[in-house]
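Notes to accompany the following structure.
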Amino acid sequence: MKPIISPSILSADFGNLARDIEMINRSEAEWVHIDIMDGVFVPNISFGFPVLKYVAKLSQKPLDVHLMIVQPEKFISEVKALGAHVMNVHYEACTHLHRVIQQIREAGMQPAVTINPATPVSLLKDIINDVYMVLIMSVNPGFGGQKFIEHSLEKVRELRELITLTGSKALIEVDGGVNPDTGKRLLAAGADVLVAGNAVFSAPDPMEAIRALRNL
Ligand code: DX5
Ligand code: ZN
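For what it's worth, this note's numbering labels the leading residue of the sequence shown as 100, then goes sequentially.
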């Protein structure tokens with residue numbers, strides 16, 4: 100099975116956002132990855148709902164929304180209003196993760212849980228059967244273009260084992276420092292979805308970069 104590619108528009112040219120989204124529309128990418136940051140959960144601020152309204156209008160691909168914010172449950176209806184396919188919330192940002200996952204599902208979106216590099220996969224044991232996807236961060240969230248943390252490969256293998264053991268249908272997504280080299284190794288370790296920002300938007304031909312990742 101070919102991997103799902105979810106290009107992260109954090110690395111897009113914001114002066115030409117419409118052009119870059121139209122490129123994704125024409126590409127082999129399955130989803131568009133949207134990174135929302137609040138300057139509290141992560142040391143950066145990206146873009147908010149007024150901008151994303153236009154992204155959602157232009158995108159023909161399902162939105163894979165990654166919230167790097169505290170109390171993400173406060174924004175379920177805003178994310179829903181974008182028509183998002185997936186709403187990713189951080190394990191570290193949710194005191195009552197089980198409730199948040201249920202609320203996302205009740206709102207009609209696919210719930211996903213994201214874990215930071217220092218959060219162990221084993222903590223997902225009691226939620227793995229309730230989520231559509233787990234997102235493993237392979238860099239510390241907040242910025243595009245960072246170096247891939249090699250230990251993430253071990254976490255993907257561990258998560259694949261947990262999914263097999265529990266009979267969960269959760270997809271495995273990886274975000275941070277994904278390029279053709281790390282992407283190939285992540286797929287061999289058991290990843291289903293690759294997020295890529297820098298590797299797509301700094302490539303001479305972004306559409307070709309997406310095609311290459313999809314055909315690793
Ligand atoms: C980082 C974001 C990522 C980021 C990935 O906090 O969650 O989605 O855009 O960028 P690259 O692929 O450049 O590491
Ligand atoms: Zn992300």
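Idealized CB from N, CA, C, for every residue including glycine.
Rounded to the nearest whole angstrom, the C-alpha separation of Ser-107 and Met-136 is 13 Å. With a beta-carbon spacing of about 6 Å, Pro-216 and Asn-239 fall inside the 8 Å limit used to define contacts. In this structure, the alpha-carbon of Leu-293 lies about 24 Å from that of Cys-193. Annotation: Ser-105 is outside any alpha helix (DSSP H); the continuous beta strand (DSSP E) that includes it extends over 103 to 106. In the DSSP assignment, Glu-253 falls within the unbroken alpha helix (DSSP H) covering 251 to 265. According to the DSSP assignment, Ala-298 belongs to no beta strand (DSSP E) but to the alpha helix (DSSP H) extending over 297 to 300.
When the alpha-carbon of His-195 is set against those of His-184, Ala-183, Met-208, Glu-172, the nearest one is in Glu-172. With fewer than 16 other beta carbons inside 10 angstroms of its own, Leu-264 counts as exposed. At least 8 Å separates the beta-carbon of Met-306 from that of Met-100.
Of all alpha-carbon atoms in Lys-152, Asn-187, Ile-175, Ala-155, the one lying nearest the alpha-carbon of Ala-269 is that of Asn-187. Shown here, Pro-279 sits in a helix according to DSSP, grouped into three states. Taking 8 Å as the cut-off, the Cβ atoms of Ala-295 and Ile-104 count as close.
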